[in-house]
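Data first, discussion second: the structure below is written as structure tokens.
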Amino acid sequence: MRTRSACLPAVLLAAAVVAAGCSSVGRPDSPALYDLGPLRTQTATPALPALPAISVAEIGVPNWLDRPTMFYRLNYANEQQPRPYAQARWTMPPAQLLQQHLKARIAQAGGAVLSTSDGAMNVPVLRIEADDFTQSFSAPGQSTGQVGLRASVFKGRTLVAQRTFNREATAPSPDANGGARALAGASDAAIVDMIRWLGSLDLK
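Under mature numbering (1 follows the signal peptide of the UniProt record, and there is no 0), the letters of the sequence shown match residues -19 to -1, 1 to 185, in that order.
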């Protein structure tokens, strides 16, 4: 007597084997997660100014950056196309990472940080737009982390000052890990520049 499987056409038997093999394949590895790393001490640079109380609004970003996806650009191929890493993610959207790092830096310098929801009267408000937060490849194997921030300080409805901060840092490796390190360095440098600028303004 032939077994039931022996009665199946060869094509169906092959399909069954393939299906069995697919079901045994494990799920792909989870994406690697990155943030901006621990707050670095400013031992090699002059101390940052201690800011008077300032409210920090939520940082604005373009729609395509409003997610934890890590993006890179191949400038030598098509610099107008941001490409996502398949197996790497930020722990939270870049705007939240930048805001968290900015507040920590201000506090580290002895300044006072409030959120706009605190509703404090007569406290200047810092509003930031992040125009860039990507790893850019100038050639295969060569990339930098590029951060662009536009900061505006308001007292009530009056614009006190506005300035753009652009920083970049060389990636130590041509991959997501190198890009994360480069963007962490560029972000911190831009934030340090911003705090020094804020220290030069009359915020009282």
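In this text, a Cβ means the ideal position worked out from N, Cα and C, and glycines have one as well.
Contact belief for residue i with residue j at Cβ below 8 Å, rounded distance in angstroms
i, j, result
"Leu179", "Leu32", "6 Å"
"Phe146", "Leu130", "5 Å"
"Leu30", "Arg177", "The residue you asked about is not Leu; residue 30 is Pro in the sequence shown. Yes, they are in contact, since the Cβ atoms of Pro30 and Arg177 sit about 7 Å apart, within 8 Å."
"Pro49", "Arg70", "5 Å"
"Tyr57", "Ala157", "About 19 Å; that fails the 8 Å criterion."
8 Å Cβ shell around residue i - same chain, five flanking residues per side excluded
i, result
"Asp10", "Gln68"
"Ala76", "Glu39, Ile40, Gly41, Val42, Leu46, Asp47, Ala111"
"Pro155", "Phe118, Pro121, Gly122, Gln123, Ser124"
"Glu60", "Arg54, Ser117"
"Val104", "Ala34, Ile35, Ser36, Leu95"
"Ser5", "Bear in mind that a pLDDT of 34 at Ser5, under 50, signals an unreliable position, so the model cannot answer this."
Span of the beta strand (DSSP E) around residue i
i, result
"Asp174", "Asp174 -> not in any beta strand (DSSP E); alpha helix (DSSP H) instead, spanning 157 to 180."
"Ala34", "Careful: Ala34 lies outside any beta strand (DSSP E) and carries neither H nor E."
"Asn147", "139 to 151"
"Ala67", "60 to 71"
"Ser154", "That residue, Ser154, is in no beta strand (DSSP E); it is neither H nor E in DSSP."
"Asp113", "106 to 120"
"Leu130", "123 to 136"
Residue i, DSSP secondary structure in three states
i, result
"Thr50", "strand"
"Leu78", "helix"
"Leu83", "helix"
"Thr97", "helix"
"Ala13", "strand"
"Ala28", "coil"
"Ala90", "coil"
Cβ-Cβ distance between residue i and residue j below 8 Å
i, j, result
"Val37", "Leu78", "no"
"Ala142", "Leu182", "yes"
"residue 234", "Ala167", "Residue 234 falls outside the range modelled here, since the chain spans only -19 to 185, and no answer is possible."
"Arg86", "Leu140", "no"
Cβ-based neighbour list, residue i, same chain, cut-off 7 Å, excluding 5 preceding and 5 following
i, result
"Phe160", "It is worth fixing the name first, because residue 160 is Gly in this sequence and not Phe. Excluding positions up to five away in sequence, the list reads Met51, Tyr53, Gln116, Ser124, Gly126, Ala152."
"Lys185", "Pro33"
"Phe114", "Leu46, Pro75, Val128, Leu164"
"Arg144", "Ala132, Trp178"
"Thr97", "Ser36, Ala38, Val106"
"Gln89", "Leu20"
Own chain, CB closer than 6 Å to residue i, minus 5 neighbours either side, in chain order
i, result
"Gly18", "Ala165"
"Phe135", "Val106"
"Gly91", "Ala31"
"Pro12", "Gln68, Ala69, Arg70"
"Ala171", "Val128, Leu130, Phe146, Arg148"
"Arg108", "Ala38, Ser133"
"Thr72", "Leu14, Asp16"
"Ala93", "Ala34"
Chain D within 8 Å of residue i, Cβ atoms only
i, result
"Pro105", "Chain labels in this structure do not include chain D; a single protein chain is all it has."
Residue i Cβ short of 7 Å to the ligand MN heavy atom set
i, result
"Pro43", "This structure simply doesn't include the ligand MN, nor any ligand for that matter."
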